[in-house]
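Numbering-wise, the UniProt record's numbering puts 685 at position 685 of the sequence shown, and it's gapless, one number per residue.
The structure appears right after this line, and notes come after that.
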Amino acid sequence: VLSSSLPRLVREFVAQNNTSQIKHVIQILSQEFALSQHPHSRKGGLIGLAACSIALGKDSGLYLKELIEPVLTCFNDADSRLRYYACEALYNIVKVARGSVLPHFNVLFDGLSKLAADPDPNVKSGSELLDRLLKDIVTESNQFDLVGFIPLLRERIYSNNQYARQFIISWILVLESVPDINLLDYLPEILDGLFQILGDNSKEIRKMCEVALGEFLKEIKKNPSSVKFAEMANILVIHCQAADDLIQLTAMCWMREFIQLAGRVMLPYSSGILTAVLPCLSYDDRKKNIKEVANVCNQSLMKLVIPEDDEMDEAKQSVTLPAEPTSEESVSKPEAASSGESLTPHCGKSELEITALNQPLSFPCSSERIQVTLNLDGIVQVLDCHLHDTSIGMMTRIAVLKWLYHLYIKTPRKMFRHTDSLFPILLRTLSDESDEVILKDLEVLAEIASSPAGQTEGHGPSDSSNVRAGPVELHIPARAGQLSSSGTKSLECSPSTPTMNSYFYKFMINLLKRFSSERKLLETRGAFIIRQLCLLLNAENIFHSMADILLREEDLKFASTMVHTLNTILLTSSELFQLRNQLKDLKTPESRNLFCCLYRSWCHNPVTTVSLCFLTQNYKHAYDLIQKFGDLEVTVDFLTEVDKLVQLIECPIFTYLRLQLLDVKNNPYLIKALYGLLMLLPQSSAFQLLSHRLQCVPNPELMQNADSTKLNASFKRTTASNIDYTELLQHFEKVQNKHLEARHQRAGRAEQLDRRVVL
């Protein structure tokens with residue numbers, strides 16, 4: 001009856017324009033049949049509604065709401081056959097109505113998204129036919145309501161069902177392919193969901209999602225001016241830290257393009273980007289692709305920081321961009337993902353990152369103007385956090401230090417606000433296992449110590465009220481009275497390096513503290529660190545300041561060890577060639593002042609004091625010192641150092657000294673000093689070496705052709721230099737007495753300890 005009489009009846013009503021009767025027929029089919037409790041009645045009602053729609057023809061669009069609603073209700077029927085008939089009925093209704101169904105698209109899409117995951121294969125097959133028909137209609141029409149559809153798409157995209165995800169992706173691909181539909185404007189609403197679908201277990205779905213994301217990225221490259229980079233930045237930050245390699249690589253590739261296309265628009269998100277990118281730099285070859293892309297991101301982001309970020313106030317330097325209004329609907333999600341601020345940096349997973357993996361993101365409706373500024377505080381916090389994390393890889397630590405160096409170069413004024421908080425960890429990083437890390441760390445410390453931005457009034461930074469105090473104190477000790485006023489001036493500001501700031505002396509103090517508390521560092525890396533600093537900074541200032549600090553060192557044993565290390569570096573390192581030449585002749589007041597400063601500290605170690613006199617050609621004073629050695633406690637360590645000095649005399653550094661042995665008449669104290677060393681040595685290889693050397697000294701009678709008018713070079717230098725060698729010798733005796741007293745105290749404590757152990 002329905003198949004024959006109903007269509008004829010409906011057509012008659014259409015011909016009569018009897019709208020009320022048509023609605024009455026549809027109401028009966030809906031209420032009494034399609035929504036009946038009896039399955040057969042529901043089946044008949046569905047067939048009747050489809051037949052009615054066919055009979056209405058082009059006029060079916062006037063009654064679509066009444067026709068569609070009961071059919072969609074049957075989509076939830078427990079009977080799979082009825083769900084299939086509902087699909088078939090809706091297919092016929094949509095096929096007749098075509099474009100007229102678009103105002104009802106959301107309810108149709110909602111129903112189809114549920115059927116896409118239907119367990120019955122026949123129902124799924126029927127829903128796929130209906131889905132293709134609806135896609136054709138949307139593709140052909142230019143009246144699709146994308147704005148009204150986006151909230152539903154954003155909700156459905158977080159489905160965990162594979163079939164539902166496949167259905168969603170297929171629709172995104174279709175909408176993306178329609179020229180009149182600009183889905184790119186609403187990409188921030190669905191990007192997070194797309195990345196989550198990218199982690200699906202199904203290879204087919206992952207591939208479809210990868211294609212969709214690829215198409216979006218192509219569109220972004222073509223039209224960067226219309227892209228809402230800021231609203232998607234934190235979404236990428238989250239997924240750049242994903243455990244899934246495909247998600248992480250894809251997000252990192254997007255981040256690379258965003259930084260290169262958007263430029264400084266990405267600066268407010270720098271801390272979040274660095275949180276995601278820096279750990280990737282230490283990946284091994286198993287994640288080589290991610291590592292390479294992350295490295296490009298890091299380099300590109302670093303280039304965005306410019307000197308203007310330091311010179312202008314934040315309010316003046318900010319560039320503003322209009323924030324496009326978005327949907328007013330919001331789902332329970334932190335607003336940081338689109339608010340123009342970077343995610344709060346943490347070493348581990350942030351709360352936002354964890355929640356975002358399972359929930360949709362919200363984008364507040366706003367027409368505010370987003371300020372593009374360098375969030376230096378956030379960046380420094382991230383860098384500091386990574387330096388404190390002992391589990392991070394070497395390449396990450398190097399990248400962090402490169403960032404700090406870059407920031408001190410580009411934005412020194414603002415960076416010095418953070419120097420007190422960064423200083424302790426930079427010092428601790430000197431104990432790193434990697435030489436490359438130490439080199440970069442020294443570059444940062446050297447820049448801090450020499451930057452004009454570090455010049456402050458008094459002894460400390462002038463703006464440190466908002467900076468947390470570090471565990472290492474940065475106090476400058478009071479100057480000792482032993483130095484002359486010219487010496488003090490030379491230390492604070494060397495003529496050759498006038499840019500040394502107040503942090504230079506603090507650095508020297510804390511570096512020596514580090515060596516004192518960590519003797520292994522001094523033994524294994526001490527020489528390496530000081531040599532590199534001599535390349536990065538002024539060698540004269542380094543030795544002058546360290547000597548001044550060691551002069552007041554209470555730990556005499558450490559002072560002796562440190563002086564020995566400095567002396568070895570001074571005598572053997574190629575980096576100190578210029579400084580050695582400066583000390584060799586003592587021609588200038590600065591060189592003589594440096595000699596006096598070094599001498600006073602070198603007195604902590606008798607043998608190094610003699611070697612300094614040899615270097616500066618103060619042979620008479622060297623002989624006087626050796627004469628005093630008879631009053632010292634001669635230990636194995638003492639003899640070992642004398643042995644090493646003899647070996648040094650045979651090195652190229654003392655070639656000039658050995659040649660001066662030919663001039664016996666003008667260098668008598670040199671020969672006497674060497675004989676004094678020979679007398680100190682036991683019968684050993686060093687004794688034999690020095691003895692053979694002295695046997696080569698020519699007979700003075702054979703050298704009588706020497707110019708009799710030549711003055712004794714040593715005395716000439718002494719007269720010209722105005723150095724009080726008597727006072728220096730007294731200082732040497734005073735320091736050695738302190739060492740002797742300290743050794744006796746240590747021996748006494750050791751004896752008391754032994755007695756307690758015995759008792």
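For every residue, glycine included, the Cβ atom is placed at its ideal position computed from N, Cα and C.
- Following the DSSP letters along the chain, one finds residue 263 in no alpha helix (DSSP H), marked with neither H nor E.
- Contact between residue 305 and residue 411 holds, since their C-beta atoms are separated by about 7 Å, short of 8 Å.
- Cβ-Cβ distances below 8 Å link residue 200 to 162, 165, 206, 209 in the same chain, with the five nearest sequence neighbours on each side left out; the list follows chain order.
- Between residue 381 and the set 308, 302, 310, 270, the nearest pair of CA atoms involves 270.
- By the criterion of at least three beta-carbon pairs nearer than 8 Å, the segment 614-623 is not in contact with the segment 544-563.
- With fewer than 16 other Cβ atoms inside 10 Å of its own Cβ, residue 391 counts as exposed.
- Annotated as proximal: residue 56 and residue 10, with beta-carbon spacing under 9 Å.
- 9 Å or more divides the Cβ of residue 107 from the Cβ of residue 137.
- Residue 443 has its alpha-carbon roughly 11 Å from the corresponding atom of residue 534.
- The Cβ neighbour count for residue 252, taken over all protein chains shown within 10 Å, is at least 16; the residue is labelled buried.
- Remark: fewer than three beta-carbon pairs, one from each stretch, lie closer than 8 Å, so the segment 547-560 and the segment 681-688 are not flagged as touching.
- The alpha-carbon separation between residue 650 and residue 750 amounts to approximately 39 Å.
- Minimum Cα-Cα distance from residue 375 among the listed residues 407, 397, 386 corresponds to 407.
- 562 is the residue among 507, 237, 562 whose C-alpha sits nearest the C-alpha of residue 520.
- With 16 or more other Cβ atoms inside 10 Å of its own Cβ, residue 614 counts as buried.
- Judged by their CB atoms, residue 111 and residue 72 are nearer to each other than the 9 Å cut-off.
- Per DSSP, reduced to three states, the secondary structure at residue 642 is helical.
- Residue 541 sits in a helix when the DSSP states are folded into three classes.
- Close CB contacts of residue 653 within its chain, under the 7 Å cut and outside five residues either way in sequence, are with 571, 572 (chain order).
- Annotation for residue 617: no alpha helix (DSSP H) segment contains it, and DSSP assigns it neither H nor E.
- In this structure residue 679 is exposed. Its beta-carbon is surrounded by fewer than 16 other beta-carbon atoms within 10 angstroms.
- A straight line joining the alpha-carbon of residue 630 with that of residue 604 spans about 17 Å.
- Nearest to residue 276 by C-alpha distance, out of 264, 285, 301, 260, is 301.
- Shown here, residue 160 sits in coil according to DSSP, grouped into three states, outside any helix or strand.
- Nearest to residue 149 by C-alpha distance, out of 524, 378, 190, is 190.
- Secondary structure note for residue 103: it is in no alpha helix (DSSP H), with a DSSP letter that is neither H nor E.
- Under the three-state reduction of DSSP output, residue 520 falls in the helix class.
- Exclusion of the five residues before and after residue 88 leaves 46, 50, 126 as the residues of its chain whose Cβ lies within less than 8 Å of its Cβ.
- For the options 221, 225, 282, the alpha carbon positioned closest to that of residue 256 is the one of 221.
- Rounded to whole angstroms, residue 182 and residue 90 show a C-alpha spacing of 28 Å.
- In the structure shown, residue 512 adopts helical secondary structure according to DSSP, grouped into three states.
- The Cβ atoms of residue 395 and residue 453 lie no closer than 9 Å to each other.
- Judged by DSSP secondary structure, residue 131 falls within the alpha helix (DSSP H) whose first and last residues are 121-140.
- DSSP places residue 216 in the helix class (H, G or I) of the three-state scheme.
- For the 9 Å CB-CB criterion, residue 272 and residue 378 form a contact.
- When only Cα atoms are considered, residue 219 and residue 58 end up about 38 Å apart.
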